[in-house]
Every structure is written in C-alpha cells, then in structure tokens.
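A.B. asks: Chains as they are written, first to last, in the working numbering: chain G, 1 to 323; chain E, 324 to 646.
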C-alpha cells in the first residue's frame, strides 16, 4: 500500500465546511450555556471522518449536495451525542485530552445536552427527506444503544470473538455503514450501489475500530489521549488479545482476561507489554488491512471518478494512522 | 358538560392492546435486566391517553390500523423515555407511587434505558412509513428536549405567562399534537383534516397540563403521587398562581414566587392554602374547559362517526379528572 497524506479530505472541503455550519446552527441561541456546551463538543471533535465518508460516497454517486450535507451533519451529531452519554456512563473526565461535559456539569445537564444533540440529529435525518435514510438512521441508533447496553449489563462471562465483533459493529461500524449507505440512498438511480456502499462503510468502520483497539496497546498516551491498555483495565478484551491467545493458548493472564476477569494494574501492564512485543499486533493490523482491501474491491464496479480514488485513499489512511 | 365514564377507551380497546404488545416487543430478550426495566416502566404507565388520541383520530379518518398502532406505540414510548430522563434529572425516586428506575439503578443504566426507549420510539416512528410523521416526530422530540433545557438552565428571573405557555407546550401539548396530527397524516386523502386535528391535539394537551397543574394545588397526595404544591416547592409557577395574581397583585408571597424566588416550605404551604381557597382554581379550570370546547368545535367539519363523539368525550374526561 502507498502512504497517504489525507488529501481525500480536499475533494469535499467546501461540503465539510457546510457540515460544520449545519452542526453549529443547532445551538439554540436562547440558551447560552447550551450553546457553549455544543460549541465545546464540536470544537473538541475529531477529523470528521464519518461525514467525509458520507460526502465522498454521495458525491461519487451524484447525490444532491444539500441533502448530503444534512445527512453528514446528522451522522456526526449522532456520533457526538453517543460520546456525551458514553462519557457520563463511564464517568470519563477527558476525551482526546479535552475535559468532557461530564467533568464540568451535573449529570442532568449532561443527559439533556446529549438528548438535545440526539434530537437535532434525528431532525436532520428527517430533513434529508428520505424515508429510507430515516429508517437506516433509526436502525443505527438502535444498534449503538443496544451495544452500550450489552456493555453495561455484561456479566463476568468468557469473552468471545463473536461478542467482540458485535461490539465493534455497534460502537463504530454501524455509523460508518450509515454514512456510506445513507449517502447512496440519497443518490437517484443508484440502487445497484446501495449494497456495495453499505458493505464498504461496514468494512472501513470495522478496520477503524480494530486500529483504535491496536492503538490502545501501541499508541502514545499523549497521542491517544488515555493510558495504554485502558481497555484491559476496564475488563474489555479486544482483537490483539484474541490474536495473542491463538498462539499462546496457555498464557495464564490472557486466559484470565478472556474469562471476563478484571486484572490488577500490574498484571495489565505485564499483559500489555507481552502482547505489544508479540505478533498479535501485526496480525490484528493485517485483519484491518484485509477489511480495507475488500472495501476497495467493492468500489470497483462504481464510476471511476476522483471520489472513488479518494474513498480508497481514505481506507488506506484509516489503517495507516497507527504508524 | 355531561359527565363522562371514559367509555371512549372502549372504541379502540383492541388497538390499545396491540399498542401494549408493540411496546413490549421492544424489550430486547438478550438483556434480562433491560427487559425487566422496560416491563417496570410500561406497567407503571398511565391510562395511555396519548395513544388513545392517536387511535381515535386515525380511526375517525380511516388511517390503516397497523400504521396507527405503530404511531401510537412510538408516541407512548417517546413519552416514557422523556419520563425516565426527567426523573434522573430531578432525582425523583417515585412516579405515580412506583419507584423510578433512577431510585434503583445507576445514572448510567438509567440514561441508557432512556436512550433505548428513545431509539425504539424513533424506530417505530420510521416504521409508520410516513416521512411527514417522522418529521413531526423529530420536531416534537426537539420541542420536548428544548423545554427541559429551558427548565434546567432557567435563571432566577420574573416568570411570565408566555414562558408558562411555552413550557406546557413543550412538556405536554406537543405530544398530544403529534398524536392527533400524526394520526391524520397516516390517513389517505385527509389533507383538510391535518390542521384541525393538530389544533385539537394541541388544545387537549394544554387542557390536560392545566388540570395537572391545578391538581398540584387541590389533589390528594395519594391520588397525584406527590405532595401538594410540589411545583411551587421547586420554584415553578403555574396557571393558578398567575390567575391568583390577577386579583391579588399585591400578595407578597405570590409576588416573590413570580419573581423567580424559591420559597421556604412554610411559605409554600401558606400560598398553596391561599390559592386553593381563591377563585384562581376555578378560573384555571375554566381556561382548560375553554380549550376543550374549542377542541370539540374543531372536529365539527369532520365525519360524524363514533370516533368523533369519543374524541369529544375524551376532552371532557381530561377536564373532569380533577373532580
């Protein structure tokens, strides 16, 4: 794979700026405290990779720009809302190095701000004027909430690769899927592209989350905004642990982790160091790369336009941001 | 007005049972704790007055039964979700005499259960297959959340009748409006009925909330499930206070309340007793009755079917449940 310099953002730069404005319009001027909170949330946001997927996929299939921008804003708002409630549930005080709402506000104000961002997301999804998009939006919301509930109510039972796959679908892949499929749904006469686009989004989303999970082992705390091994510290087993166990089925710490036990800090440090220096990291990244390669293949029958090349480039970026 | 025996429920009894099943289908069998929580929420639910409005309005205009049941379930689920987050925000431990989720669960589990019920409501709204319904649904969700935010972020400023009207719209009338208008939107060829139905729902909703606010002064604590005067105790000024001030502009306690001050308990008791024995109670109920009379008038041009009589009967019931 060739390295990427994230030029894929450039192709939809004006639309991305329109997405930013659209999201900011949502701050109700009657409530200065809410406006500040939403500005804070949006300013602390990431690279807008989900809206970029929607904008590139939709532009490739020639969906109308205004509805596409509305969809992209709805998706990023939904993503933002889930982060607000997530941080409250986890009691997280920082996200990407910025204090969470939760760290500054009461639970009540945090819940309501999340609800407000949800409501705006739903309103924007309805404003795309597509019932099919609305249905996908509602299904995605359901998948995300179901995933969080599984996580919260999980019992101390052996963790399985299937449960991991379900979790990363709910947490990440479902939104990427919505971004790509929803954009295709807005393009007239693109019925044949709906399913490839949905699968493209799914694959990119799974790869994105696998890379996130790998970064939890090999990233710099300053870069990922949290201590290394934070998943294991919370009793969450991710792909590198499963890959490691394939070769080292008798490692006692890994077996305890997979049995659903929360390990003490020193044992987590030890297990993280072991997995870090094992082949499990590369094997996990290989899986992410395979997902991205398959995603690129799915685009082959689609029009050979610059947006297609940009989507392929975006896939490369998703797996290279580890390095 | 003739007394009512709430026979209006009978006309849509089978559909109301279908609504109950539809709402219960939403408990995800993979999470027993969630299923229990949702069963608890639904069992503690009220008389299903909002679904009944939707079912009667839709049946009158001959909307298809299955889509109507889906809409009615979506509306009651949305109502239920807002109560879950409300109780969390208020720290309420009881609702209608039953312990709240909030009293039994962590904030995280309560937030997620509310989110789950929201997500199911949105999914059902999408399943009505009507983009217009979906748009109304999203607008209503926005109105409700905005109202809660105004409430939470309110400053200690003089309280106005306009702010009161906005609050009862957000809190109650918006959902009744959605019930009546949404049902009309599902009826083919009923375009002329959309606006009268929307206004019917609005009026019934306003009357319903005024009666709730009156009951906070004159109800039995065992009947209303909370101590008398609980609004004033929380610094919330409702219609009876405004009506009382029209005649007693110089009452120092009422003036303090309307200035946005939270009164100590003994002063609240005193003000509640004064207002209770004043004409403000009857004047408030008169206003509710006027809203219901106007609502009945709005139905006059609509087909003379049993559902129309039942909707008029439902309006009477809304203002008589005080007695």
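All C-beta atoms in this analysis are idealised placements derived from N, C-alpha and C, irrespective of residue type, glycine included.
Given the structure is predicted, the values throughout are model-derived calculations rather than measurements.
My understanding is that residue 591/E touches residue 555/E, with C-beta atoms under 8 Å, so please give their C-beta distance in whole angstroms.
C.D. replies: Start at 1 with the first residue of the second chain, and residue 591/E comes out as number 268. Start at 1 with the first residue of the second chain, and residue 555/E comes out as number 232. Going by Cβ atoms, the distance from residue 591/E to residue 555/E rounds to 5 Å, so yes, they are a contact pair.
A.B. asks: Is it true that the stretch 188 to 201 of chain G meets the stretch 297 to 306 of chain G, where meeting means three or more beta-carbon pairs spaced less than 8 Å apart?
C.D. replies: yes
A.B. asks: On a CA-only basis, which of 283/G, 176/G, 275/G, 315/G is nearest residue 75/G? Give me that one, please.
C.D. replies: Walking along the first chain from the start, residue 75/G turns up at place 75. In this structure, 176/G is the residue among 283/G, 176/G, 275/G, 315/G with its C-alpha nearest to the C-alpha of residue 75/G.
A.B. asks: Let's see if you can read the secondary structure: which residues bound the alpha helix (DSSP H) around residue 252/G?
C.D. replies: Here residue 252/G is taken as the residue at index 252 of the first chain, counted from 1. Where residue 252/G is concerned, the enclosing alpha helix (DSSP H) stretches over 252 to 258.
A.B. asks: Spell out whether any CB of chain G is found under 8 Å from the CB atom of residue 418/E.
C.D. replies: Within the second chain, numbered from 1, the residue matching residue 418/E stands at position 95. No - not a single Cβ of chain G is within 8 Å of the one on residue 418/E.
A.B. asks: Nearest-angstrom Cα distance between residue 131/G and residue 637/E?
C.D. replies: Here residue 131/G corresponds to residue number 131 of the first chain, with the count starting at 1. Here residue 637/E corresponds to residue number 314 of the second chain, with the count starting at 1. One C-alpha to the other measures close to 33 Å.
A.B. asks: Strictly under 8 Å for the Cβ-Cβ distance: is residue 443/E near chain G by that measure?
C.D. replies: Translated into the one-based positions of the second chain, residue 443/E becomes position 120. So yes, residue 443/E belongs to the interface.
A.B. asks: Please state whether DSSP places residue 1/G in a helix, a strand or coil.
C.D. replies: Taking the first residue of the first chain as 1, we reach residue 1/G at position 1. With a pLDDT of 49 at residue 1/G, under the threshold of 50, the modelled position of this residue cannot be trusted; read the value that follows with caution. Coil.
A.B. asks: In whole angstroms, what separates the C-alpha of residue 1/G from that of residue 319/G?
C.D. replies: Your numbering for residue 1/G matches position 1 in the first chain. Your numbering for residue 319/G matches position 319 in the first chain. Residue placement at residue 1/G is flagged as unreliable, the pLDDT there being 49, under the threshold of 50; a coordinate-derived value is accordingly withheld.
A.B. asks: Express the C-alpha separation of residue 406/E and residue 385/E in angstroms, rounding to a whole number.
C.D. replies: In the second chain, counting from the first residue as 1, residue 385/E sits at position 62. In the second chain, counting from the first residue as 1, residue 406/E sits at position 83. Straight-line Cα distance between these residues: approximately 31 Å.
A.B. asks: Below 8 Å CB to CB, which residues in the same chain sit around residue 376/E once its five sequence neighbours on both sides are set aside?
C.D. replies: Locating residue 376/E in the second chain gives position 53, where the first residue counts as 1. In its chain, beyond the 5 residues on either side, 499, 502, 503, 506, 524, 527, 634, 637 have a beta carbon closer than 8 Å to the beta carbon of residue 376/E.
A.B. asks: Does DSSP put residue 128/G in a helix, in a strand, or in coil?
C.D. replies: Reading the first chain from its first residue, position 128 is the one you call residue 128/G. Three-state DSSP puts residue 128/G in coil, outside helix and strand.
A.B. asks: Ordered along the chain, which non-local residues of its own chain (more than five positions away) have a Cβ less than 6 Å from that of residue 401/E?
C.D. replies: As a first step, residue 401/E is located in the second chain; it is residue number 78 there, counting from the start. Closer than 6 Å at the Cβ level, and outside the excluded window around residue 401/E, lie 444.
A.B. asks: Below 8 Å between beta carbons is the criterion; list the residues of the stretch 150 to 166 of chain G that meet it against any residue of chain E, in chain order.
C.D. replies: 150, 152, 153
A.B. asks: In chain B, which residues lie with their C-beta within 9 Å of the C-beta of residue 465/E?
C.D. replies: Reference to chain B is not applicable here, since the protein chains of this structure are G and E.
A.B. asks: Using a C-beta cutoff of 8 Å, does residue 635/E count as contacting chain G?
C.D. replies: The residue labelled residue 635/E in the question sits at position 312 within the second chain. So no, residue 635/E is outside the interface.
A.B. asks: With distances taken Cα to Cα, identify the nearest neighbour of residue 413/E among 111/G, 40/G, 251/G.
C.D. replies: Within the second chain, the letter at position 90 stands for residue 413/E. Cα-wise, what sits closest to residue 413/E is 111/G.
A.B. asks: Taking 8 Å as the CB-CB cut-off, is residue 435/E touching chain G?
C.D. replies: The sequence position of residue 435/E within the second chain is 112, counting from 1. Yes - at least one Cβ of chain G is within 8 Å of the one on residue 435/E.
A.B. asks: Give the single residue among 95/G, 153/G, 47/G, 244/G whose Cα lies nearest to the Cα of residue 221/G.
C.D. replies: The residue labelled residue 221/G in the question sits at position 221 within the first chain. Checked all of 95/G, 153/G, 47/G, 244/G; the closest Cα to residue 221/G is 95/G.
A.B. asks: Which bits of chain G does residue 557/E rub up against, with CB to CB less than 7 Å?
C.D. replies: On the second chain, position 234 is the one that residue 557/E refers to. Simply none; closest approach about 13 Å.
A.B. asks: Return the bridge partner residues of residue 95/G from the DSSP annotation.
C.D. replies: Along the first chain, read from residue 1 onward, the residue named residue 95/G stands at position 95. Note: residue 95/G sits in a beta bridge opposite 98/G.
A.B. asks: Can the beta-carbon of residue 466/E be found closer than 8 Å to that of residue 457/E?
C.D. replies: As a first step, residue 466/E must be located in the second chain, where it is residue number 143. As a first step, residue 457/E must be located in the second chain, where it is residue number 134. Going by C-beta atoms, residue 466/E is not nearer than 8 Å to residue 457/E.
A.B. asks: Return the residues of the stretch 183 to 198 of chain G that lie within a Cβ-Cβ distance of less than 8 Å from chain E, sorted by chain order.
C.D. replies: none
A.B. asks: Decide if the stretch 334 to 345 of chain E is in contact with the stretch 382 to 396 of chain E; the criterion is three or more beta carbon pairs, one per stretch, under 8 Å apart.
C.D. replies: yes
A.B. asks: Just checking: is the beta-carbon of residue 398/E within a distance shorter than 8 Å of some beta-carbon in chain G?
C.D. replies: Within the second chain, residue 398/E is the residue found at index 75, counting from 1. By this cut-off, residue 398/E is not an interface position.
A.B. asks: Identify which residue in 613/E, 469/E, 568/E, 620/E has its Cα closest to the Cα of residue 598/E.
C.D. replies: Position 275 of the second chain, counting from 1, holds the residue named residue 598/E. For the residues 613/E, 469/E, 568/E, 620/E, the minimum Cα distance to residue 598/E belongs to 568/E.
A.B. asks: To the nearest whole angstrom, what separates the beta carbons of residue 209/G and residue 168/G, a pair I think is in contact under 8 Å?
C.D. replies: For the purposes of this step, residue 209/G is taken as residue 209 along the first chain, with counting starting at 1. For the purposes of this step, residue 168/G is taken as residue 168 along the first chain, with counting starting at 1. Confirmed, about 4 Å.
A.B. asks: Check the Cβ-Cβ distances between residue 640/E and every residue of chain G, and say whether any is below 8 Å.
C.D. replies: To locate residue 640/E, count along the second chain from 1; it is residue 317. Closer than 8 Å: no.
A.B. asks: Just the C-alpha distance for residue 273/G and residue 296/G, rounded to the nearest angstrom, thanks.
C.D. replies: Numbered from its first residue, the first chain carries residue 273/G at position 273. Numbered from its first residue, the first chain carries residue 296/G at position 296. The straight-line gap from Cα to Cα measures roughly 34 Å.
A.B. asks: Residue 509/E and residue 387/E: beta carbons closer than 8 Å?
C.D. replies: Counting from one through the second chain, the residue named residue 509/E turns up at place 186. Counting from one through the second chain, the residue named residue 387/E turns up at place 64. The criterion of a C-beta distance shorter than 8 Å is satisfied by residue 509/E and residue 387/E.
A.B. asks: Where does residue 624/E fall in DSSP's three states?
C.D. replies: Residue 624/E sits at position 301 when you count from the first residue of the second chain. Coil at residue 624/E, not helix or strand.
A.B. asks: What residue from 43/G, 146/G, 198/G, 116/G has the CA that sits closest to residue 357/E's CA?
C.D. replies: Locating residue 357/E in the second chain gives position 34, where the first residue counts as 1. Measuring from the Cα of residue 357/E, the nearest candidate turns out to be 146/G.
A.B. asks: Of all the residues that make up the stretch 488 to 504 of chain E, which are near chain G by a beta-carbon distance shorter than 9 Å?
C.D. replies: From the stretch 488 to 504 of chain E, no residue has a Cβ closer than 9 Å to chain G.
A.B. asks: Starting from residue 248/G and walking both ways along the alpha helix (DSSP H), at which residues does that stretch end?
C.D. replies: As a position in the first chain, residue 248/G is number 248, starting the count at 1. Where residue 248/G is concerned, there is no enclosing alpha helix (DSSP H), given that its DSSP letter is neither H nor E.
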